[in-house]
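Counting the sequence shown from 1 gives a position; this note's numbering is that position plus 20. What follows is a single structure, written as structure tokens, with notes after it.
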Amino acid sequence: MSIVYKSEPLRGEAWRRLFAEALPDLPFHIWPETGDPASVRYLAAWQPPEDLAARFPALRVLFSVGAGVDQFDLRALPPAVQVVRMLEPGLTAGMVEYVTLSVLALHRDLPLFLDQQRRRVWAATRSVRAERRRVGILGLGVLGLATIEALRGFGFAVSGWSRGRRDLDGVACFAGMEELPAFLAELDILVCLLPLTAETRGMLNAALFAALPRGASLVNAGRGGHLVEADLLAALDSGQIAAAILDVTEPEPPPEDHPFWSHPRIWLTPHVASMTHAETGGEAIIDNIRRHRRGEPMLGLVDRSRGY
Ligand code: NDP
């Protein structure tokens, strides 16, 4: 029985050391080295090999080295393979920082002021108390909930939207497509922290922007596939959307001549909102392998039929 790691090599070396100490009986291979493919039981990857089923017939768990699993073709995986996403405190902390930074920047009109600076304009806007700034989070999962906690610390009026109903103290919670318009209608800043699935692809579109109050802003730290780019550009042009902070695009990076690079009211970051930390990420997989060996449920197990 062995594990193969197929992702960023530096992190692989760090994990090799962690695994040698914590699970000395489990041979750890860094791709393209795999040892005997017939004995590979665990694979930790961002992009698994295309011939995964034929290459590793004894594979039982595919670990995503990131929080999402949208890069996997879930339907093509053998039924016996469980898919587990990365849940680790470093990833969560990074996203909390990124969303807090973005919401504060929008709350304090920073995209406007930076644009003004470039044009040598000195013009103040009226300040708004955080309590009066309505921030809505699409996705009340691990990252959405941690983010809400941090935003509430500043006093923002926070609401959230998820698939199943949530009951959170002090947070207005909305569920399902039928409640989406009511959720959107009350927002100044919308943050997308959804997983990318067949249902959520293209959700950030003209209809959704039209359901927001005029002049609302957007933060997309989910996936590029959530956003219909042309619809965002049109909404920025019309003033329906005031500004957007985007950590993700599709494809990444955008083509050289893409309008996102130079749009005065778009801030673009290169998919850095949060990343798996070598040590805590390795420990999370070690913990899950121990759980799997004991026959216990693993943390971050993906429901393949839902896609997240
Ligand atoms: P979780 O699986 O913990 O949470 C997902 C949330 O989205 C849940 O609240 C879920 O609802 C909701 N949701 C999913 N589908 C729908 C739907 N069709 N309608 C309404 N709500 C829906 O995910 P995480 O919080 O851990 O991560 C979210 C995403 O963030 C990742 O999938 C990834 O794409 C992105 N990400 C981006 C990073 C970056 O650097 N930019 C880094 C890390 C993650 P319910 O609670 O009812 O199930």
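Ideal Cβ placement from N, Cα and C applies to all residues, glycine included.
Next item on the list: Flag this pair as touching only if the stretch 88 to 98 and the stretch 277 to 288 have three or more C-beta atom pairs under 8 Å; answer yes or no.
Entry: no
Margin query: Assuming Val119 is part of the alpha helix (DSSP H), what are its boundary residues?
Written below: 109 to 127
Margin query: Quick check on DSSP: helix, strand or coil for Asn240?
Written below: The DSSP-derived three-state label of Asn240 is strand.
Margin query: Rounding to the nearest angstrom, what Cα-Cα distance links Asn240 and Asp45 in this structure?
Written below: 42 Å
Next item on the list: Name, in chain order, the residues that DSSP records as bridge partners for Leu97.
Entry: Note: Leu97 sits in no beta bridge, so no partner.
Check: Under 8 Å, do Val85 and Thr296 count as touching if we go by C-beta distance?
Finding: yes
Next item on the list: Inspect the CB distances between the stretch 69 to 88 and the stretch 103 to 110 and report whether three or more fall short of 8 Å.
Entry: yes
Notebook entry, point to check: Below 8 Å between beta carbons: does that hold for Phe229 and Ala195?
Noted result: The answer is no: Cβ separation not under 8 Å.
Notebook entry, point to check: Going by DSSP, which residues form a beta bridge with Ala177?
Noted result: DSSP, once it has assigned bridges, lists Arg154 as partnering Ala177.
Checklist line | Cβ-based neighbour list, Pro47, same chain, cut-off 7 Å, excluding 5 preceding and 5 following | finding: Here the set comprises Ser22, Gly55.
Note to self: Does chain C have any CB closer than 8 Å to the CB of Thr220?
What the structure shows: The displayed structure is made up of one protein chain only, and chain C is not part of it.
Notebook entry, point to check: Is it the case that the CB of His291 approaches a heavy atom of the ligand NDP more closely than 7 Å?
Noted result: yes
Next item on the list: Assign Gln137 to one of three DSSP states: helix, strand, or coil.
Entry: helix
Check: CB Val123 to CB Leu165, shorter than 8 Å?
Finding: Not a contact, by the Cβ cut-off of 8 Å.
Notebook entry, point to check: What distance in whole Å lies between the Cβ atoms of Leu216 and Asp90, which are believed to be in contact at a cut-off of 8 Å?
Noted result: 4 Å
Next item on the list: Check whether the Cβ atoms of Ala227 and Ala205 sit closer than 8 Å, and answer yes or no.
Entry: no
Margin query: Is Thr300 close to the ligand NDP? I mean its beta-carbon at under 7 Å from any heavy atom of the ligand.
Written below: no
Checklist line | C-alpha distance - Ser182 paired with Leu188, whole-angstrom precision | finding: 12 Å
Check: Is Ser182 near the ligand NDP, with its Cβ less than 7 Å from a heavy atom?
Finding: yes
Item checked: Cα-Cα separation, Pro273 to His283 -> 15 Å
Check: Count the other CB atoms within 10 Å of the CB of Arg243; is the residue buried (16 or more) or exposed (fewer)?
Finding: buried
Notebook entry, point to check: Within 10 angstroms of its Cβ, does Trp35 collect 16 or more other Cβ (buried), or is it exposed?
Noted result: buried
Notebook entry, point to check: Got a sec? Which residues, its chain only, sit under 6 Å from Gly302 by beta carbon, not counting five neighbours each side?
Noted result: In the same chain as Gly302, and ignoring 5 residues on each side of it, the C-beta atoms closer than 6 Å to its own belong to Trp35, Leu38, in chain order.
Notebook entry, point to check: In chain order, which alpha helix (DSSP H) runs of at least 4 residues are fully inside the stretch 189 to 264?
Noted result: 200 to 204, 226 to 231, 249 to 258
Item checked: Which of helix, strand or coil DSSP assigns to Trp287 -> Trp287 falls in the strand class under three-state DSSP.
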